[in-house]
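Here's the structure, in structure tokens; my notes come after.
Residue numbers (the numbering used here): 71 to 282.
So this is what it looks like as structure tokens:
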């Protein structure tokens, strides 16, 4: 998976429906194990709720899908949240919606709408971003090439992290997989193979396109 969309940050919002309070919280997931931790922390932060329904998706094309109604009628809480995540094509994302019961029953249709609307509000509050699979290189560039290298990189969809000025210019260069060959060839041509580039890792990063 070279790209995926998820929520940009953790967020929370509240919806009042027929005296019941619904609190929706959205989380980006880096590891599936974080889901249990987020649920536990939410129960601690919002004690006494009658239900802590949730859903999350994780992995390539949402291959892992989990949800819980947590005591609400079957299919009225966790499942609507899951369907919303799938409808918005989100990956590696969790949404928890907790309910403080206000004494008025909403019926199955009312519950589905309340949980879905609260989950949508949490997602909208968090924002959605697309993360791109990138190669991370440690680059050592002689000073007499740096001006041209900097110009070329600033006009391409890459990230330059941790630039250090010593005997040579050192930096971490984050390059999307789709542009990796192009960028490496460009730097090699600029410097007549004098720039040293060592691949360090791969990671998903937000790359703001120059076309945005």
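Beta carbons are placed, not taken as given, at the ideal position from N, Cα and C, and that holds for glycine.
Does the Cβ-Cβ distance between residue i and residue j come in under 9 Å?
i: residue 160; j: residue 122; result: no
i: residue 27; j: residue 149; result: Residue 27 is absent from the model: the chain starts at 71 and stops at 282.
i: residue 94; j: residue 174; result: no
i: residue 80; j: residue 96; result: yes
i: residue 163; j: residue 99; result: yes
i: residue 145; j: residue 188; result: no
i: residue 219; j: residue 244; result: no
i: residue 239; j: residue 204; result: no
Shortest alpha-carbon distance to residue i belongs to which of the options?
i: residue 182; options: 162, 191, 198 and 151; result: 151
i: residue 197; options: 235, 78 and 177; result: 78
i: residue 256; options: 134, 237, 207 and 223; result: 223
i: residue 135; options: 154, 177, 210 and 273; result: 154
i: residue 207; options: 164, 251, 162 and 85; result: 251
i: residue 172; options: 75, 86 and 241; result: 86
i: residue 76; options: 215, 271 and 132; result: 132
i: residue 274; options: 248, 258, 147 and 259; result: 248
Taking its Cβ as the centre, do 16 or more other Cβ atoms sit within 10 Å of residue i, making it buried, or is it exposed?
i: residue 142; result: buried
i: residue 106; result: exposed
i: residue 276; result: exposed
i: residue 213; result: exposed
i: residue 185; result: buried
i: residue 130; result: exposed
i: residue 246; result: buried
i: residue 271; result: exposed
i: residue 258; result: exposed
What is the DSSP secondary structure of residue i, reduced to helix, strand or coil?
i: residue 79; result: coil
i: residue 132; result: helix
i: residue 244; result: strand
i: residue 202; result: strand
i: residue 110; result: helix
i: residue 139; result: coil
i: residue 74; result: strand
i: residue 146; result: coil
Under 9 Å, Cβ to Cβ, is there at least one residue of chain B near residue i?
i: residue 124; result: In summary, chain B is missing from the structure at hand, where a single protein chain is found.
Item to complete: Answer yes if the stretch 187-194 comes into contact with the stretch 264-273, meaning at least three C-beta pairs across the two stretches below 8 Å, and no otherwise.
Response: In short, these stretches do not touch, since the Cβ pair count stays below three.
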